[in-house]
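Everything in the sequence shown is counted per our numbering, starting at 8 for the first residue and increasing by one.
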Amino acid sequence: MNDYSCATQCTWCDGCGDYGIWTAMKRALVELGHAPHQVCLCFDVGCHGNGSDKLQGYRFHGLHGRVIPFASGAKLAHHTMPVIAFGGDGASFSEGIGHFVHGIRSNYPITFVLHNNCNYGLTLGQASSLTWQDQPMNSSPNGIPEHTLNSMDLVFALEPTFVARGFSGNIPQLTEIFKTAIQHQKHGFAFVDVLQACPTYNHFATHQYLLERCYDANVEGHDPHCEAQKARALALDTAKRIATGILYQREDVPSFYDRLIPRKDKKTTLVEEVKKVDVVEFMKEFI
Ligand SMILES: Cc1ncc(C[n+]2csc(CCOP(=O)(O)OP(=O)(O)O)c2C)c(N)n1
Numbered sequence: 008m009n010d011y012s013c014a015t016q017c018t019w020c021d022g023c024g025d026y027g028i029w030t031a032m033k034r035a036l037v038e039l040g041h042a043p044h045q046v047c048l049c050f051d052v053g054c055h056g057n058g059s060d061k062l063q064g065y066r067f068h069g070l071h072g073r074v075i076p077f078a079s080g081a082k083l084a085h086h087t088m089p090v091i092a093f094g095g096d097g098a099s100f101s102e103g104i105g106h107f108v109h110g111i112r113s114n115y116p117i118t119f120v121l122h123n124n125c126n127y128g129l130t131l132g133q134a135s136s137l138t139w140q141d142q143p144m145n146s147s148p149n150g151i152p153e154h155t156l157n158s159m160d161l162v163f164a165l166e167p168t169f170v171a172r173g174f175s176g177n178i179p180q181l182t183e184i185f186k187t188a189i190q191h192q193k194h195g196f197a198f199v200d201v202l203q204a205c206p207t208y209n210h211f212a213t214h215q216y217l218l219e220r221c222y223d224a225n226v227e228g229h230d231p232h233c234e235a236q237k238a239r240a241l242a243l244d245t246a247k248r249i250a251t252g253i254l255y256q257r258e259d260v261p262s263f264y265d266r267l268i269p270r271k272d273k274k275t276t277l278v279e280e281v282k283k284v285d286v287v288e289f290m291k292e293f294i
């Protein structure tokens, strides 16, 4: 765990769910035996994105809403390396929703962790498309006029190969979810929706609210290798209790990388192959 630590001071608010997600991810990487120099951690812009300078590892902090494209690019270039992308609900379901849709549809072989605090945290509590309708926020004191986007329904409509849900207040369970989601990369896109506390701006789905409702569906017998419709119904049924754990998983769909015919039977990564290309002759054309 210490290898992942760095001296940069945290700027997250006290009680922020980012701490739990950050701790669970470090634990998952350590328990899987991945050292910081063996992983690529990609961060979107937002409160969660500021985690990029709070831990060690190969880190990439890109533009708001764009984490899936650059994480996928890194993975395609170096397909044996675990690549984890972190994004907020604002980034993923507004600015970057197109990338999110195609990330799942394309089955890019990465793990995507959604820091779902139901608002744009870094820009001081603006409503996102996942903020509850009629909820007063700093940008919309009368509540947003639109209905709240049903994120899990959208995810299942895209025919995912891995869907999980965790809670930032349950670090042991989140660690196990992350481990499975990182291992799923060999099969494709692993989506982990982490319901997280945001004590400063989210006064509706609070830590206490989530604590009282979240339950481990796998402990209660839910098999993630079930029909997609069954997992979808479980994910959407949040009126009284919220199912967490691995909700859906299948390993029989090839990932985007495995479908690339020019990469068939290649043992090397693109990064290794690029290193071997001699560009001297090519560059002479420009002298
Ligand atoms: C393209 C673009 N749009 C808007 C912004 C301004 N901006 C920076 S952080 C942020 C909010 C991020 O919210 P979210 O993605 O939900 O992450 P959180 O801060 O809640 O972790 C916004 C709107 C930006 N930097 N770039």
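The beta carbon of each residue, even a glycine, is placed where N, CA and C say it ideally should be. Since the structure is predicted, the reported quantities are computational estimates derived from the model, not experimental observations.
Cβ separation of residue i and residue j, assumed to be a contact under 8 Å, to the nearest whole Å
| i | j | result |
| --- | --- | --- |
| G95 | H68 | Incorrect: roughly 13 Å between the Cβ atoms, too far for contact. |
| R257 | Y222 | At roughly 23 Å, the Cβ-Cβ gap does not stay under 8 Å, so R257 and Y222 are not in contact. |
| C306 | P206 | Residue 306 lies beyond the range of the chain shown here (8 to 294); nothing can be said about it. |
| S175 | G24 | 3 Å |
| V7 | L165 | For residue 7 there is no data in the structure shown, the boundaries of the chain being 8 and 294. |
| A171 | L243 | Contact doesn't hold; Cβ gap of about 15 Å is too wide. |
Distance, residue j Cα to residue i Cα
| i | j | result |
| --- | --- | --- |
| T18 | T130 | 14 Å |
| N114 | N149 | 39 Å |
| S158 | Q180 | 22 Å |
| G80 | Q192 | 14 Å |
| L83 | T276 | 8 Å |
| G173 | G252 | 6 Å |
| A212 | V284 | 53 Å |
| A134 | I151 | 7 Å |
| Q140 | L156 | 9 Å |
| T274 | F263 | What sits at residue 274 in the sequence shown is Lys, not Thr. Distance between the alpha carbons of K274 and F263: 17 Å. |
| E219 | G103 | 31 Å |
| P231 | I178 | 20 Å |
| Q16 | P261 | 41 Å |
| Q142 | Y208 | 11 Å |
| T138 | N126 | 6 Å |
| A188 | P167 | 13 Å |
| F163 | R270 | 29 Å |
| H41 | F185 | 13 Å |
Exposure of residue i, with buried meaning 16 or more beta-carbon neighbours within 10 Å
| i | result |
| --- | --- |
| I295 | No statement about residue 295 is possible, as the shown extent of the chain runs from 8 to 294 and does not include it. |
| M8 | exposed |
| C13 | exposed |
| E183 | buried |
| A204 | buried |
| M290 | exposed |
| L36 | buried |
| L241 | buried |
| H86 | buried |
heavy atom of ligand 2 below 6 Å from residue i C-beta
| i | result |
| --- | --- |
| V52 | Among the ligands modelled here, namely ligand 1, ligand 2 does not occur. |
Residue i - containing beta strand (DSSP E), residue span
| i | result |
| --- | --- |
| T187 | Note, T187: premise wrong, no beta strand (DSSP E); alpha helix (DSSP H) at I178 to Q190. |
| F316 | With the chain covering only 8 through 294, there is no way to say anything about residue 316. |
| L267 | Per DSSP, L267 belongs to no beta strand (DSSP E) and is neither H nor E. |
| G27 | It is not in any beta strand (DSSP E) - G27 instead sits in the alpha helix (DSSP H) that spans D25 to E38. |
| A42 | Here A42 belongs to no beta strand (DSSP E), and DSSP marks it neither H nor E. |
| F211 | Per DSSP, F211 belongs to no beta strand (DSSP E) and is neither H nor E. |
Alpha helix (DSSP H) segment containing residue i, residue limits
| i | result |
| --- | --- |
| H122 | No alpha helix (DSSP H) holds H122; the beta strand (DSSP E) holding it covers T118 to N123. |
| F111 | This sequence places Ile at residue 111; Phe is not what is there. Residues I104 to S113. |
| H68 | Counting along the chain, H68 falls outside any alpha helix (DSSP H), though it belongs to the beta strand (DSSP E) covering Y65 to H68. |
| V162 | S158 to A164 |
Minimum Cβ-Cβ distance from residue i to chain B less than 7 Å
| i | result |
| --- | --- |
| Y222 | Chain labels in this structure do not include chain B; a single protein chain is all it has. |
Does the segment 189-207 touch the segment 224-235, meaning 3 or more C-beta pairs lie closer than 8 Å?
-> no
Spell out a yes or no on whether the segment 81-97 and the segment 109-129 are touching, meaning 3 or more CB-CB pairs, one atom from each, closer than 8 Å.
-> Cβ pair count under 8 Å is three or more, so yes.
Is there contact here, the segment 42-50 with the segment 74-87, by at least three beta-carbon pairs under 8 Å?
-> yes
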